[in-house]
Amino acid sequence: MSVQTDLGLLEFAPGPIGGPLAWRAADLERDQSWIHRLNAEEIAELEAAAAASRHIDILALRREDFPLPGLAPKIATLRSDILNRLGFAYMRGLPVERYDTETQMRLYFGLSLHLGDVVPQNRNGHMLGHVIDIGTSPDDVNKRLTQTNAELAFHSDSCDVVGLMCIHTAKEGGASALVSAMAIHDEMMRTAPDLCRALYEPLTCDRRGEVPAGKQPWMRIPLFMWQDNTFTGYAPLEAYLQSARRFEEAPPMTERQWQAMRMFLDLCNSDEFCARIPFEPGDFQFVQNHVVFHARTSFTDWPEVERKRHLMRIWLSLPDGRELHPAIAERWVNITRGSVRGGVNIPERRALNIPLNPLTPAFA
1 MSVQTDLGLL EFAPGPIGGP LAWRAADLER DQSWIHRLNA EEIAELEAAA AASRHIDILA
61 LRREDFPLPG LAPKIATLRS DILNRLGFAY MRGLPVERYD TETQMRLYFG LSLHLGDVVP
121 QNRNGHMLGH VIDIGTSPDD VNKRLTQTNA ELAFHSDSCD VVGLMCIHTA KEGGASALVS
181 AMAIHDEMMR TAPDLCRALY EPLTCDRRGE VPAGKQPWMR IPLFMWQDNT FTGYAPLEAY
241 LQSARRFEEA PPMTERQWQA MRMFLDLCNS DEFCARIPFE PGDFQFVQNH VVFHARTSFT
301 DWPEVERKRH LMRIWLSLPD GRELHPAIAE RWVNITRGSV RGGVNIPERR ALNIPLNPLT
361 PAFA
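First residue of the sequence shown? That's 1 in UniProt numbering, and the numbers climb one at a time after it.
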């Protein structure tokens, strides 16, 4: 089956997709082998690689500048978890309190190079960024919600993999949550196929000021996509769907699509599908955006700046990532498998850089 849209003819999956990527919360609770723990030898190897590369600027680091032969088997397992097993990988146990900010960033950047190629994550050209509340209003339609303490509904980022490393946790709240996009798709296909298909039709989403050359400040993109027996998911934040209404020329979403979004988010937040994972300092989380969506709860922070909830974030392109649906190009520009794809690529983007100050605005 297919539907004719303003993006052309879009196919539907013939039914529920299934497979290991369509997991539910109980699956992760029952088998916690997905949590990989760093041992003392692996930590020492990371520290040695960071020390040996100290003469190289973080942004200039290459994989060969940060050798991790002892960690290679664990990194291979992380890649397998991301690509084939769960759509995400989780590693725990780096003693981040030992290191200054530069060393934390060097360790994280160097490790991430063994998973993929780093791509810019905002219009300021940040190649490694900070998820921290800097007092930005969640109501500012020209800013991202990541630098507030507000809840972030389930969504995906514009890269193959988004990585987070936890430095500090909040005083209260701020838990991470993951959901299998394919499990949600399959449940909707089984119980409300018409609403499931409504999410195969393009949704209207605010670009929040990150506008590629020749594009409108809003975009049209489906949440579920299917081509050549391959599933692609792309979940914009609901707040970005709501704020797209400010553009009079943008095609409005239908009531059926809004109803489908309500069902989608209700399922994402349900105990059956939502895996809630409290971060601990020294945790790493790598999520494949095409098959797993992520969220966070709102939080109350510590009053001291040095104790504020702080995650470091990296966006990665995987050379062996999955084939992507052409509709993703509306956001990504380049979707070619094997190339460095994804990230924020807009004309006014600044030179690539890595801000050491955690309170650096993602949008200036």
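The beta carbon of each residue, even a glycine, is placed where N, CA and C say it ideally should be.
Could you tell me which residues DSSP puts in a beta bridge with Thr148? According to DSSP, Thr148 bridges with nothing at all.
Residue(s) in a DSSP beta bridge with Asn353: His126
Alpha carbon of Thr136 to alpha carbon of Thr148, nearest angstrom: Using only the alpha carbons, I get a separation of about 5 Å.
Endpoints, the alpha helix (DSSP H) within which Glu77 is located: Correcting the residue identity first, residue 77 is Thr in this sequence and not Glu. For Thr77, the enclosing alpha helix (DSSP H) has its first and last residue at Ala72 to Ser80.
Note down the Cα distance separating Pro251 from Pro217, rounded to an integer number of angstroms. 12 Å
With C-beta atoms as the reference, is Leu107 less than 8 Å away from Ala40? no
Neighbourhood of Ile277 by C-beta, 8 Å cutoff - its chain only, sequence neighbours within 5 removed: Tyr90, Ala175, Ser176, Ala177, Leu178 and Gln285
Counted within 10 angstroms of its Cβ, other Cβ atoms place Val305 as buried (16 or more) or exposed: exposed
Quick check: what's the CA-CA separation for Asn353 versus Thr360? 12 Å
Is DSSP giving Ser2 helix, strand or coil here? strand
CB of Gly15 within 8 Å of CB of Met189, strictly: Judged by their CB atoms, Gly15 and Met189 are nearer to each other than the 8 Å cut-off.
Answer yes or no: do Glu238 and Met261 have a C-beta to C-beta separation smaller than 8 Å? yes
State the DSSP-derived secondary structure class of Ile221, mapped to helix, strand or coil. Here Ile221 carries a strand assignment [DSSP, helix/strand/coil].
Assuming Gly173 and Ser298 are in contact, meaning their beta carbons sit under 8 Å apart, how far apart are those beta carbons, in whole angstroms? 6 Å
For Cys274, three-class secondary structure by DSSP: It is coil, neither helix nor strand.
Whose CA, out of Arg313, Leu241, Leu9 and Asn345, lies closest to the CA of Val162? Checking every option, the nearest Cα to that of Val162 belongs to Arg313.
Among residues of its own chain, excluding the 5 on either side of Trp226, which ones have a beta-carbon nearer than 7 Å to its beta-carbon? Glu11, Phe12 and Ala13
Which residues does DSSP pair with Thr101 in a beta bridge? Answer by DSSP bridge pairing: none, since Thr101 is not bridged.
Report yes if the CB atom of Arg92 is closer than 8 Å to the CB atom of Arg37, and no otherwise. yes
Let's test the definition: count the other Cβ atoms within 10 Å of the Cβ of Gln121 and tell me whether it reaches 16, buried, or not, exposed. buried
Measuring alpha carbon to alpha carbon, tell me which residue in Glu64, Leu318, Pro358 and Asn289 is nearest Met182. Asn289
Beta strand (DSSP E) runs contained entirely in the region 147-194, provided each spans 3 or more residues: 152-155, 161-168 and 176-180
Would you mind sorting Gly233 into buried or exposed? The rule is 16 or more other CB atoms within 10 Å of its CB. buried
Within 10 angstroms of the Cβ of Glu330, are there 16 or more other Cβ atoms? Answer buried if so, exposed if not. buried
Roughly how far, in whole angstroms, is the beta-carbon of Arg296 from the beta-carbon of Glu64, given that I think they are within contact range, below 8 Å? Not a contact, Cβ separation roughly 35 Å.
Secondary structure at Gln121, three-state DSSP: helix, strand or coil? coil
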